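Heads up, the sequence shown is in our numbering, so the first residue is 755 and it goes up one at a time.
Backbone N, C-alpha and C fix where the C-beta goes; we use that ideal spot for every residue, glycine too.
Just so you know, these numbers come straight off a predicted model, no measurement behind them.
One structure below.
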Amino acid sequence: MSMHFKIPSATPGPARKRVRKAVFPVAGLGTRFLPATKAVPKEMLPIIDRPLIQYAVDEAREAGIEELIFITGRGKTAIVEHFDTAFELEATMKDRAKALEILEPTRIQPGNLLTVRQQVPLGLGHAIWCARAVVGDEPFAVLLPDELMIGAPGCLRQMVDAYDMLGGNLVSVLEVPEEEVSSYGVIAPGWRDGALTEVKGLVEKPRREDAPSNLIISGRYILQPEVMRTLETQEKGAGGEIQLTDAMARMVGDQPFHAVTFAGRRFDCGSKAGFVEATLTLALERADLAADVRAIMQKLLDRPGADSVPATGLGAVLASAA
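Structure, rendered in structure tokens:
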């Protein structure tokens, strides 16, 4: 599947720098998943047999990203080790004639993974700013691993396709019910053409009655390096943190801003329910697991009181197994 965009009044411009770098903010404490995340980074919690961070890295590589920048904190070394060579493991697997292809997605070319320490958790905007020296003067992508995006092509690939035509800054968006907008960053839309929307403004976690739309930012960004200078003077916003959305809002009007409505599925793996929903949904799509998982879920549906499960979220996943 390929994305096709029509650009209103598009005009040729100077050659754009390719998006080669991606920033992964992985310094969060994962308090919503305690005690599981006391010693294990939440980004390493598995959806079936792949940690969350692996899904995000795979998505970035599909989009042509060459350089991976992890914004880490204390206790996050397991994330880097996941993408390192495990000599003992590989030697043992070879001795036992086990195939090593399953480890291929975890291999990173030497020098293509960099880490930057965020010493104090001051918010997403601050985490991105910590990568300023590594990003330099290039456009870069941002992927939030908590947002598991499943599509073909992937979300960032869809955005890179749009960037190659539009340049500027882009965010991925999804439509949500109006009662949910207060939990997210929301765009103020201009013209819309298919999957593309002009961004005329951005608001972080607005009240429902103040929200400019129901189009929420869904954890994927392509940004110009100038955002780093904006973040240097960005004051704290919602939640007492330095919000990336607030910094981007200050740039609207000075640089092109567009949104790409993601053609795919999003799972909020920052919540326990979303994490379980992602696990069940993806398990039902795997040939090696679907039959067994469907049988297990059918047992759950047949148990007393199963009729009371609402047909939304996890309830919808359970019902789909019937």
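Candidates R815, M1002, G827: which alpha carbon is nearest Y975's? Here residue 975 corresponds to residue number 221 of the sequence shown, with the count starting at 1. Ranking the options by Cα distance to Y975, first place goes to M1002.
Rounded C-beta distance between T869 and V834? I'm assuming under 8 Å. On the sequence shown, position 115 is the one that residue 869 refers to. On the sequence shown, position 80 is the one that residue 834 refers to. With a Cβ gap of about 6 Å, T869 and V834 count as contacting.
Terminal residues of the alpha helix (DSSP H) in which K1026 lies: Taking the first residue of the sequence shown as position 1, residue 1026 is located at position 272. Note, K1026: alpha helix (DSSP H), 1026-1037.
What's the gap between the Cα of I823 and the Cα of M903? In the sequence shown, counting from the first residue as 1, residue 823 sits at position 69. In the sequence shown, counting from the first residue as 1, residue 903 sits at position 149. Looking at the two C-alpha atoms, the distance is approximately 19 Å.
Among L878, G890, Q863, the one whose alpha carbon lies nearest that of R773: The count along the sequence shown starts at 1 and reaches residue 773 at position 19. The sequence given here places Val at residue 773; Arg does not occur at that position. Checking every option, the nearest Cα to that of V773 belongs to G890.
Reduced DSSP category for V889 - H, G, I as helix; E, B as strand; rest coil: As a working mapping, residue 889 is identified with position 135 in the sequence shown. V889 falls in the helix class under three-state DSSP.
For I1050, is the classification buried or exposed, using 16 other Cβ atoms within 10 angstroms of its Cβ as the cut-off for buried? One-based indexing of the sequence shown puts residue 1050 at position 296. Exposed, by the Cβ-count rule.
Which class does V914 belong to by DSSP, given the choice of helix, strand or coil? Mapped onto the sequence shown, residue 914 falls at position 160. In this structure, V914 counts as helix in the three-state DSSP scheme.
Straight-line CA distance for K830 to E816? Locating residue 830 in the sequence shown gives position 76, where the first residue counts as 1. Locating residue 816 in the sequence shown gives position 62, where the first residue counts as 1. Those two C-alpha atoms are separated by around 25 Å.
Please list, in chain order, all residues of the same chain as Q1009 whose beta carbon is under 8 Å from its beta carbon, the five residues on each side excluded. On the sequence shown, residue 1009 is found 255 positions in, with the first residue counted as 1. So the list reads G922, N923, Q978, E980, once near-sequence residues are dropped.
Closest to H1012 by CA distance: which of A1027, E844, G948, D812 is it? By one-based count along the sequence shown, residue 1012 stands at place 258. Looking from the CA of H1012, the closest CA among A1027, E844, G948, D812 belongs to G948.
Note the first and the last residue of the continuous alpha helix (DSSP H) segment covering R1079. Residue 1079 is absent from the model: the chain starts at 755 and stops at 1076.
Look at G939 and E813 and say whether their C-beta atoms are less than 9 Å apart. Counting from one through the sequence shown, the residue named residue 939 turns up at place 185. Counting from one through the sequence shown, the residue named residue 813 turns up at place 59. The answer is no: Cβ separation not under 9 Å.
For a quick check, are the C-beta atoms of M982 and R886 less than 9 Å apart? The residue given as residue 982 occupies position 228 in the sequence shown. The residue given as residue 886 occupies position 132 in the sequence shown. By the CB criterion at 9 Å, M982 and R886 fall inside the cutoff.
On a Cα-Cα basis, can you pick out the residue from L1036, L1055, A1044 that is closest to Y809? As a working note, residue 809 is residue 55 in the sequence shown. When each option's Cα is compared against that of Y809, the closest is L1036.
Tell me which residues share the same chain as T1015 and place their Cβ nearer than 6 Å to its Cβ, disregarding the 5 neighbours each side in the sequence. Taking the sequence shown and counting its residues from 1, the one referred to as residue 1015 is at position 261. The answer, listed in chain order, is V927, A949.
Rounded Cβ spacing between V777 and I862 (contact assumed at less than 8 Å): Counting from one through the sequence shown, the residue named residue 777 turns up at place 23. Counting from one through the sequence shown, the residue named residue 862 turns up at place 108. 15 Å between Cβ atoms; not a contact.
Roughly how far, in whole angstroms, is the beta-carbon of A781 from the beta-carbon of P899, given that I think they are within contact range, below 8 Å? For this step, residue 781 is matched to residue 27 along the sequence shown. For this step, residue 899 is matched to residue 145 along the sequence shown. Between P899 and A781 the Cβ distance is about 11 Å, and since that is not below 8 Å, they are no contact.
If you reduce the DSSP assignment to three classes, tell me which class T791 lands in. Taking the sequence shown and counting its residues from 1, one reaches residue 791 at position 37. Three-state DSSP puts T791 in coil, outside helix and strand.
Quick check on DSSP: helix, strand or coil for I819? Reading the sequence shown from its first residue, position 65 is the one you call residue 819. Three-state result, I819: coil.
DSSP state of V811, grouped into three classes? If you number the sequence shown from 1, residue 811 lands on position 57. In the three-state reduction of the DSSP assignment, V811 falls in the helix class.
Beta-ladder partner(s) of S926, from DSSP: Within the sequence shown, the letter at position 172 stands for residue 926. Answer is V1014, bridged to S926.
N- and C-terminal bounds of the beta strand (DSSP E) containing E901: Residue numbering aside, residue 901 sits at position 147 when the sequence shown is read from its first letter. From DSSP, the beta strand (DSSP E) with E901 extends over 901-904.
List the DSSP bridge partners of V935. The residue labelled residue 935 in the question sits at position 181 within the sequence shown. Per DSSP, none; premise fails for V935.
Going straight from the alpha carbon of R786 to that of M798, what length do you get? Within the sequence shown, the letter at position 32 stands for residue 786. Within the sequence shown, the letter at position 44 stands for residue 798. Those two C-alpha atoms are separated by around 14 Å.
For A851, the three-state DSSP class (helix, strand or coil): Position 97 of the sequence shown, counting from 1, holds the residue named residue 851. Coil at A851, not helix or strand.
Cβ contact (3+ pairs, closer than 8 Å) linking the stretch 909-918 and the stretch 959-970: no
The alpha helix (DSSP H) spanning T831 covers which residue range? Taking the first residue of the sequence shown as 1, we reach residue 831 at position 77. Start and end: 831-836.
On the CB-based measure, 16 or more other CB atoms within 10 Å of its CB, does K775 come out buried or exposed? In the sequence shown, counting from the first residue as 1, residue 775 sits at position 21. Flag for K775 reads buried.
Between the C-alpha atoms of F917 and L956, what's the straight-line distance to the nearest angstrom? Within the sequence shown, numbered from 1, the residue matching residue 917 stands at position 163. Within the sequence shown, numbered from 1, the residue matching residue 956 stands at position 202. The sequence given here has Tyr at residue 917, not Phe. Using only the alpha carbons, I get a separation of about 19 Å.
Cut-off 6 Å between Cβ atoms - residues of its own chain near V930, not counting five sequence neighbours on either side: Locating residue 930 in the sequence shown gives position 176, where the first residue counts as 1. Excluding residues within five positions, the ones whose Cβ falls inside 6 Å are N968, I970.
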